[in-house]
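These notes are about the structure you will find just below.
There are 2 protein chains.
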Amino acid sequence: MNLFPALADPALTSMNLLNEIAERHPAAISFAAGRPTEEHFCYDDLTRYLDAYRTYLLQDKGYTDAQVNRELMQYGRTQGVINDLVARNLLVDEGITASPESIVVTVGCQEAMFLVLRALRATPSDVVLAVAPTYVGVVGAARLLDMPVLPVRSGPSGVDLDDLVTQLRSARAAGLRPRALYLIPEFANPSGVSLDLETRHRLLSLAASEDFLLLEDNPYGLFQRGFTTRPPTLKALDSSSRVIYLGSFAKTAVPGARVGYVVADQPVGTGLLSFELAKLKSMLTVNTSPIAQAVVGGKLLEHGCSLVSANVREAAIYRRNMTLLLNGLATRFPSATWTVPSGGFFVVLSVDFHVDDALLAHSASRHGVLWTPMHHFYGGAGGHNQLRLSCSSVTPAQIPEGLDRLAALVSDVRRAA
Amino acid sequence: MNLFPALADPALTSMNLLNEIAERHPAAISFAAGRPTEEHFCYDDLTRYLDAYRTYLLQDKGYTDAQVNRELMQYGRTQGVINDLVARNLLVDEGITASPESIVVTVGCQEAMFLVLRALRATPSDVVLAVAPTYVGVVGAARLLDMPVLPVRSGPSGVDLDDLVTQLRSARAAGLRPRALYLIPEFANPSGVSLDLETRHRLLSLAASEDFLLLEDNPYGLFQRGFTTRPPTLKALDSSSRVIYLGSFAKTAVPGARVGYVVADQPVGTGLLSFELAKLKSMLTVNTSPIAQAVVGGKLLEHGCSLVSANVREAAIYRRNMTLLLNGLATRFPSATWTVPSGGFFVVLSVDFHVDDALLAHSASRHGVLWTPMHHFYGGAGGHNQLRLSCSSVTPAQIPEGLDRLAALVSDVRRAA
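Okay, structure coming up:
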């Protein structure tokens, strides 16, 4: 059957390939999965969150039982039903002032990315830039729209501003219109790098002077290792609506709710960009399940709308795991180098041999350890001697054992060389 | 801001416009909304459904508590987690034999439509046909892909097969490749028309001889007025994988779950079309909320996977309402004509004056009654003296009162003429 050619693109096939290797080796220790810890998952939380949201509707909003039932069980507002709670969360945790109507609640952050790219892809010359190495989800969403993604070097600062200017100009010289730069300013996936405050300010200035938007994705921002003050998000520093903020609750609330959001307060006509995104959403998923939104809403309500407070235990797990991982690397891999991120889930290990999917398959079947070849985050154009290690969904006992297995893999490779 | 031009297309703006009129007049009686009845909505059902699904995982599937928590709360399989229950439902209620792996569970039927159209839009010459008047959701999904939708006349049989052949040939002569015909064979939205058995067989033959797919959407099939045997779906008659079946649980389970599905058992390479749709979904919404799927799964389990049995009360409501509506029309509109559907939610009223959005706004503000101008279902190319009346979300008391208001509107129009 003649199908959409991008179905054969690595951006769409690589996740499948990695998942298949993982599924074939369920007993392997996984440094591959970027999913959140399951240590505190508890079924009773779900119904308690639903009840908390129901109580809020009844008591704070003065709903009748029939109105509660309608809100949870009927088709709902396309823009979302928990927008006020999301806005409170942004204020409490991030110092971001966002009006509820500037927010669209989406089916995970992935739908938010697709909606934004769909809106910005006005003509075939519209392209998006992304800091490379890049989260594969944004490349995949762009592929669904045949929208080119132009890489911008990350470098040690998280975004190489000189390269950004070079890429903008060469894209324009080629007749393209760069609409936005996608990046994860805090503990990026996969690099683990964060932007310092000066780089954030310079990036915002550049976005204004060069007239492009910033697509700020922030799934890991809450999980810093140290106890220093978290730097402000780009959106918190954004005084001229240059930033579209992509929000995820997958790592901070309940992944299974599949609820994310986008803050799009850019003026469009007499309204906001969020209204246009909602129009697109009405033809994509109609609305985000209000039951799923209620689960997230209930968790927010239980914690005064602070996900920092809701994630005290989880943040401690990630800190503990990252420290175990970094210490374990130091004792086992004297000739390799790795990043030392100040938070998040990911460490990048650089080695002196070729790292590809075949090596991963060998690692899984012979050594029982999974990780992610970094070339997937470069669209095949880099990362061939790097691998990404995630510390988010392993136990403390698995980390040294997994690293021993990784060391055995490295010995294998050396023997074969 | 320079945005995707289709944002100004009637397919994307009309739903917003109709919703805005409805929101401005919350006290109006609504024959506009095609949403299901709320008469039996009950909050406790939600947690009971979740519990039923949990018990099923523990007892029937032998899951541990940790596995249950992971299935409900963690990221899940992109293809879905309740595929086996959906397959059982299709067998029990529709006599459709579908393997769980041929099914992708989606964020409502709307996402299913988008995924299918995205997969079939392989080149700029790929187009989709749709029986006109057409459900606006499929036109909107196609607009997101810049994919033309070519209308095929409905006629009294639900699809005019002669016109279908004409449209196929003229599309091909124009260098286009018609990939599929979208239709609702049972109680169509908005026409209310159903295909008889002979037309179903002839349509399937034509799909094979002319080499196109049938996109069968079946949201209303369970709600027939009479007590005769329901005709088989196209998918139940499909012996050569010509039919992609689009399933909705919005009218038959819980709209607020936003769970639908697609059966795509067409062979592609060594796999199935469903696998390709899942690849696309992984870059659109990643997976459908397993919590939302568990709500639907629990309802299915409570009723032996039969939605016919789960909807005995709701089907009676729609039968009662449709009869009240049809009888009420007969006593109030001697000079109008209307369709007499054998089931579903919708009656089309044909009048001898111009029906547009301005008339709807007048109807809402002056007479307190809402309905849908039929031109929205023809992309503006027809239906200018028709309006759609939905009987699904009105009470028995509202129907005569709403029709009195509609009669007053008609008197207004006559006086002004």
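Heads up: the protein sequence lines correspond to chains Z and P, in order. Residue numbers for the first sequence follow the working numbering, so the first one is 1 and each next one is one higher. Residue numbers for the second sequence follow the working numbering, so the first one is 1001 and each next one is one higher. Don't be surprised by glycine CBs; every beta carbon is placed ideally from N, CA and C.
(request) Could you have a look at I82/Z and say whether DSSP puts it in helix, strand or coil? (result) The sequence position of residue 82/Z within the first sequence is 82, counting from 1. Of the three classes helix, strand and coil, the one that applies to I82/Z here is coil, per DSSP.
(message) Distance cutoff 9 Å, beta carbons only. Does G256/Z sit that close to anything in chain P?
(response) Locating residue 256/Z in the first sequence gives position 256, where the first residue counts as 1. Chain P contact via Cβ: present.
(message) Report the start-end ranges of each beta strand (DSSP E) in the region 1318-1385 of chain P that is 3 residues or longer and not cut off at the edges.
(response) Positions of the beta strand (DSSP E) runs, each at least 3 residues long and wholly inside the region 1318-1385 of chain P, are given as 1346-1350 in order along the chain.
(message) Comparing C-alpha positions only, which one of V1138/P, L1176/P, F1212/P sits nearest to N1189/P?
(response) For the purposes of this step, residue 1189/P is taken as the residue at position 189 of the second sequence. N1189/P has its Cα closest to that of V1138/P, out of V1138/P, L1176/P, F1212/P.
(request) For I21/Z, return the contacting residues in chain P, with the cut-off set at a CB-CB distance below 8 Å. (result) Here residue 21/Z corresponds to residue number 21 of the first sequence, with the count starting at 1. Within 8 Å Cβ-Cβ: nothing; I21/Z doesn't reach chain P, min ~16 Å.
(request) Using a Cβ-Cβ cut-off of 9 Å, state whether F4/Z counts as contacting chain P. (result) In the first sequence, counting from the first residue as 1, residue 4/Z sits at position 4. Chain P, which has a Cβ nearer than 9 Å to the Cβ of F4/Z, makes this yes.
(message) Could you check whether Y1075/P and N1287/P sit closer than 9 Å to each other, using their CB atoms as the reference points?
(response) As a working note, residue 1287/P is residue 287 in the second sequence. As a working note, residue 1075/P is residue 75 in the second sequence. Cβ atoms of N1287/P and Y1075/P: closer than 9 Å.
(message) At a CB distance below 8 Å, what residues from the region 1290-1302 of chain P approach chain Z? Give them in sequence order.
(response) Of all residues in the region 1290-1302 of chain P, P1290, I1291, A1292, V1295 have a Cβ within less than 8 Å of some Cβ in chain Z.
(message) Does Y49/Z come out as helix, strand or coil in the three-state DSSP assignment?
(response) Against the first sequence, residue 49/Z aligns to sequence position 49. In the structure shown, Y49/Z falls within a helical segment according to DSSP collapsed to helix, strand and coil.
(message) Given this structure, state the Cα-to-Cα distance separating H1025/P from F1223/P, to the nearest angstrom.
(response) If you number the second sequence from 1, residue 1025/P lands on position 25. If you number the second sequence from 1, residue 1223/P lands on position 223. CA-to-CA, the gap between H1025/P and F1223/P works out to about 29 Å.
(request) Would you mind telling me which residues of chain P sit closer than 8 Å to C305/Z, beta carbon to beta carbon, in chain order? (result) Numbered from its first residue, the first sequence carries residue 305/Z at position 305. By Cβ distance, chain P contributes nothing, its closest Cβ being about 21 Å from C305/Z, past 8 Å.
(message) Contact between the region 364-379 of chain Z and the region 10-19 of chain Z is defined here as three or more beta-carbon pairs at a separation below 8 Å; is this criterion met?
(response) Yes: at least three Cβ pairs fall under 8 Å.
(request) Could you say if the region 1054-1061 of chain P and the region 1311-1326 of chain P meet the contact criterion of at least three C-beta pairs nearer than 8 Å? (result) The region 1054-1061 of chain P, when compared against the region 1311-1326 of chain P, does not touch it at the 8 Å Cβ threshold.
(request) Go through the region 156-200 of chain Z residue by residue and report every complete run of the alpha helix (DSSP H) that reaches 4 residues or more, in order. (result) Within the region 156-200 of chain Z, the runs of alpha helix (DSSP H) that reach at least 4 residues and sit entirely inside it are, in chain order, 161-173.
(request) With 7 Å as the C-beta to C-beta threshold (strictly closer), list the residues of the region 1025-1043 of chain P near chain Z in chain order. (result) Cβ contacts with chain Z come from R1035, E1038, F1041, C1042, Y1043.
(request) Would you decide whether V369/Z is buried or exposed? Buried here means 16 or more other CB atoms lie within 10 Å of its CB. (result) Here residue 369/Z refers to the residue found at position 369 of the first sequence. It is buried - the Cβ of V369/Z has at least 16 other Cβ atoms within 10 Å.
(request) Scan the region 274-286 of chain Z for residues whose Cβ lies nearer than 7 Å to a Cβ of chain P and list them as they occur along the chain. (result) Cβ contacts with chain P come from E276, K279, L280, S282, M283, L284, T285, V286.
(message) Taking 8 Å as the cut-off, does the region 188-206 of chain Z touch the region 280-300 of chain Z (at least 3 CB pairs, one atom from each stretch)?
(response) Fewer than three Cβ pairs drawn from the region 280-300 of chain Z and the region 188-206 of chain Z lie within less than 8 Å of each other, which leaves the two stretches out of contact.
(request) Just the C-alpha distance for I1103/P and Q1266/P, rounded to the nearest angstrom, thanks. (result) In the second sequence, counting from the first residue as 1, residue 1103/P sits at position 103. In the second sequence, counting from the first residue as 1, residue 1266/P sits at position 266. About 11 Å.
(request) Since I believe I82/Z is in contact with T233/Z (beta carbons under 8 Å), could you give me their beta-carbon distance rounded to a whole number of angstroms? (result) Taking the first sequence and counting its residues from 1, the one referred to as residue 233/Z is at position 233. Taking the first sequence and counting its residues from 1, the one referred to as residue 82/Z is at position 82. Between the beta-carbon of T233/Z and that of I82/Z there is about 20 Å, and that puts the pair past the 8 Å contact cut.
(request) For L1212/P, decide whether its Cβ has a neighbour in chain Z, counting only Cβ atoms nearer than 9 Å. (result) Stepping through the second sequence from its first residue, residue 1212/P is reached at position 212. According to the sequence displayed, residue 1212/P carries Phe and not Leu. Answer no: the Cβ-Cβ gap between F1212/P and chain Z never drops below 9 Å.
(request) Per DSSP, which residues does V268/Z bridge with? Please list them. (result) Working through the first sequence from its first residue, we reach residue 268/Z at position 268. As DSSP reads the structure, V268/Z sits in a beta bridge with G271/Z.
(message) Let me make sure I understand the geometry here. Which of S1306/P, S1390/P, R1258/P has the alpha-carbon closest to that of M1322/P?
(response) Numbered from 1 along the second sequence, position 322 holds the residue referred to as residue 1322/P. Taking the Cα of M1322/P as reference, the smallest distance to any Cα among S1306/P, S1390/P, R1258/P is reached at S1390/P.
(request) Can you tell me which of the three DSSP states V152/Z falls into? (result) Walking along the first sequence from the start, residue 152/Z turns up at place 152. V152/Z falls in the strand class under three-state DSSP.
(request) Can you pull the chain Z residues whose beta carbon is under 8 Å from the beta carbon of V1268/P, in chain order? (result) Along the second sequence, one-based indexing puts residue 1268/P at 268. Against chain Z, the beta carbon of V1268/P has neighbours under 8 Å at M1, L3, listed in chain order.
(message) For a test of the three-state rule: what should DSSP assign to A1416/P, helix, strand or coil?
(response) Along the second sequence, one-based indexing puts residue 1416/P at 416. Three-state DSSP puts A1416/P in a helix.
(request) My understanding is that E1038/P touches S1393/P, with C-beta atoms under 8 Å, so please give their C-beta distance in whole angstroms. (result) To locate residue 1038/P, count along the second sequence from 1; it is residue 38. To locate residue 1393/P, count along the second sequence from 1; it is residue 393. Confirmed, Cβ separation roughly 7 Å.
(request) Taking C-beta pairs closer than 7 Å, name the residues in chain P that V107/Z reaches, listed in chain order. (result) Looking up residue 107/Z in the first sequence gives position 107. V1107, T1285, listed in chain order.
(request) Buried or exposed for E1023/P, please, with buried defined as at least 16 other CB atoms from any protein chain shown within 10 angstroms of its CB. (result) What you label residue 1023/P is simply residue 23 of the second sequence in a count that begins at 1. Here E1023/P is exposed: its Cβ has fewer than 16 other Cβ atoms, across all protein chains shown, within 10 Å.
(request) On the DSSP bridge assignment, give the partners of R388/Z in chain order. (result) Sequence index remark: in the first sequence, residue 388/Z carries index 388 (1-based). Under DSSP, R388/Z takes part in a beta bridge, and its partners are V348/Z, T372/Z.
(request) Taking only beta-carbon positions, decide if D217/Z is within less than 9 Å of chain P. (result) Start at 1 with the first residue of the first sequence, and residue 217/Z comes out as number 217. No, D217/Z does not count as interfacial toward chain P.
(message) Measuring only the C-alpha atoms, how far is D160/Z from A6/Z?
(response) Sequence index remark: in the first sequence, residue 160/Z carries index 160 (1-based). Sequence index remark: in the first sequence, residue 6/Z carries index 6 (1-based). The alpha-carbon separation between D160/Z and A6/Z amounts to approximately 29 Å.
(message) Which residue marks the beginning of the beta strand (DSSP E) containing A130/Z, and which one marks its end?
(response) Numbered from 1 along the first sequence, position 130 holds the residue referred to as residue 130/Z. Segment 126-132, the beta strand (DSSP E) holding A130/Z.
(message) Assuming L1215/P is part of the beta strand (DSSP E), what are its boundary residues?
(response) Here residue 1215/P refers to the residue found at position 215 when the second sequence is read from its first residue. Judged by DSSP secondary structure, L1215/P falls within the beta strand (DSSP E) whose first and last residues are 1213-1217.
(message) Comparing C-alpha positions only, which one of T199/Z, P185/Z, V127/Z sits nearest to R179/Z?
(response) Residue 179/Z sits at position 179 when you count from the first residue of the first sequence. When the alpha-carbon of R179/Z is set against those of T199/Z, P185/Z, V127/Z, the nearest one is in V127/Z.
(message) Rounded to whole angstroms, what is the Cα-Cα separation between L1246/P and A1364/P?
(response) Working through the second sequence from its first residue, we reach residue 1246/P at position 246. Working through the second sequence from its first residue, we reach residue 1364/P at position 364. When rounded, the distance between both Cα atoms is 34 Å.
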